[in-house]
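Residue numbers (my numbering): 49 to 328.
A quick write-up on the structure given underneath.
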Amino acid sequence: MLQHPSLWTELDLSNWQNPAPAFEVLKGTEGAREALRTVNLEFTVGIDDGNLETLSHYPLVTVNLNGCQKLTDSGVARFIKACPTLQELSLYWNLNVGLQTLGALSTSCTGLTSLNLSGCKSVTDAGIIQLAAACTALRQLDLTRCVKLGDAAYAAIAQHCTQLQELRLYASMPSARAVLGFSALKQLQLVDICGAHQVTGMPHYKEAIAALAAGGCLQHVNLTWCIQLTDAAVIALAKGSPNLQLLSLHGIRGITDAAVDTLAQHNNIDSSYERPIEPS
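Spelled out as structure tokens, the structure:
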């Protein structure tokens with residue numbers, strides 16, 4: 049029964065404390081050789097490069113390696129090179145992932161559509177520049193807390209990844225210049241620049257925020273803790289986003305009823321913000 053391919057399209061070992069027996073079963077199951085497409089090892093205890101070597105023999109499309117901190121940059125890179133069919137890869141909180149991993153994606157997985165690098169603090173401009181130039185089919189990209197990135201990386205994303213629909217830069221601190229460049233991303237539906245003080249603290253920040261709406265497709269926007277944001281930027285964003293459904297302005301004290309009234313003209317919008325406390 050275990051040999052039947054229909055039982056092996058997906059392997060979910062997320063949060064397992066002892067995955068070794070499952071890997072032994074997998075190795076001895078011929079039915080999985082051509083059937084296995086999806087593997088979830090999120091926070092699975094003890095996952096290392098050896099486990100990735102085992103998985104590299106399968107035609108995988110979707111892989112979740114979130115929180116597998118024993119993995120090395122070179123080990124993930126070898127795995128990627130053996131899996132050219134990968135379309136979705138999640139590497140949240142893998143602190144070793146860096147240039148080798150991104151280089152492997154750029155040479156072997158050019159059909160990649162979704163990549164999560166949230167918390168991968170070793171990722172730098174050089175890796176993202178390679179990735180963006182090669183993986184132009186990306187639809188979802190999560191660079192949350194990738195604190196080493198600068199304008200060069202964001203410019204490469206804007207230039208090459210024009211099919212992006214979701215871009216998460218929570219606590220990654222893009223500059224106003226970088227955000228201005230995102231006007232090239234005409235298909236953006238979700239953007240998260242929570243905590244981007246460098247955007248709202250620089251000249252032309254209103255134009256930068258408005259640039260996010262260049263394609264008119266925005267539905268969800270997180271501007272939480274962009275603390276110097278004012279009505280003008282929010283109004284410009286709102287007017288360019290007819291499909292806007294959710295806008296977070298939490299922690300921003302410069303927003304007044306003028307911006308809220310403009311937002312109210314949009315159907316189905318849920319705006320979250322803190323009104324300034326008036327002196328008694």
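By construction, the Cβ of each residue, glycine as well, lies at the ideal position given by its N, Cα and C atoms.
- Per DSSP, the continuous beta strand (DSSP E) segment holding ASN88 begins and ends at 86-88.
- The segment 274-314 contains, as complete alpha helix (DSSP H) runs of 4+ residues, the segments 279-287 and 305-312 (chain order).
- A distance of 8 Å or more separates the beta carbons of GLN235 and GLN267.
- Assignment of LEU217 by DSSP, reduced to helix, strand and coil, places it in the coil class.
- If you draw a 10 Å sphere on the C-beta of ASP305, you find fewer than 16 other C-beta atoms in it, and that means exposed.
- Ranked by Cα distance from ASP240, the options ARG193, ASP279 and ALA312 are led by ARG193.
- In the three-state reduction of the DSSP assignment, ASP97 falls in the helix class.
- If you draw a 10 Å sphere on the C-beta of PRO67, you find 16 or more other C-beta atoms in it, and that means buried.
- Between VAL93 and LEU59, the CB-CB gap reaches or exceeds 8 Å.
- Burial is judged here by how many other beta carbons sit within 10 angstroms of a residue's own beta carbon; ASP190 has at least 16 and is buried.
- In this structure the segment 152-165 touches the segment 174-182; the number of beta carbon pairs closer than 8 Å is three or more.
- Taking a C-beta distance under 8 Å as the contact criterion, GLY146 and SER162 do not qualify as a contact pair.
- Secondary structure note for GLN188: its beta strand (DSSP E) is the uninterrupted segment 188-190.
- Closest option to THR210, judged by alpha-carbon separation, among TYR253, LEU260 and PRO222: LEU260.
- Rounded to the nearest whole angstrom, the C-alpha separation of GLN117 and LEU89 is 11 Å.
- When secondary structure is reduced to three states using DSSP, LEU236 falls in the coil class, being assigned neither helix nor strand.
- Given a length threshold of 3 residues, each whole run of the beta strand (DSSP E) inside the segment 142-201 is given here in chain order: 162-164 and 188-190.
- Buried is the label assigned to VAL247, since at least 16 other Cβ atoms lie within 10 Å of its Cβ.
- Residues of the same chain with a CB within less than 6 Å of the CB of VAL109, apart from the 5 flanking positions on each side, are ARG85, THR133 and GLN135 in chain order.
- Pairing ALA125 with THR102 gives a Cβ-Cβ distance that is not under 8 Å.
- Assignment of SER138 by DSSP, reduced to helix, strand and coil, places it in the strand class.
- Here ASN63 has PHE91 as same chain residues with Cβ atoms under 6 Å from its own Cβ, once five neighbours each way along the sequence are excluded.
- Taking a C-beta distance under 8 Å as the contact criterion, LEU165 and LEU143 do not qualify as a contact pair.
- For the pair ILE128 and ASN112, the Cα-to-Cα distance works out to about 13 Å.
- Excluding sequence positions up to five before and after ALA70, its CB lies within less than 8 Å of the CB of LEU59, LEU61 and TRP64, all in the same chain and listed in chain order.
- Looking from the CA of LEU55, the closest CA among GLY79, GLU72 and LEU186 belongs to GLY79.
- The bridge partners DSSP lists for GLU82 come to none.
- Exclusion of the five residues before and after VAL227 leaves VAL247 and ALA256 as the residues of its chain whose Cβ lies within less than 6 Å of its Cβ.
- Straight-line measurement puts the Cα of PRO290 at about 32 Å from the Cα of GLY167.
- The Cβ neighbour count for ASP96, taken over all protein chains shown within 10 Å, is under 16; the residue is labelled exposed.
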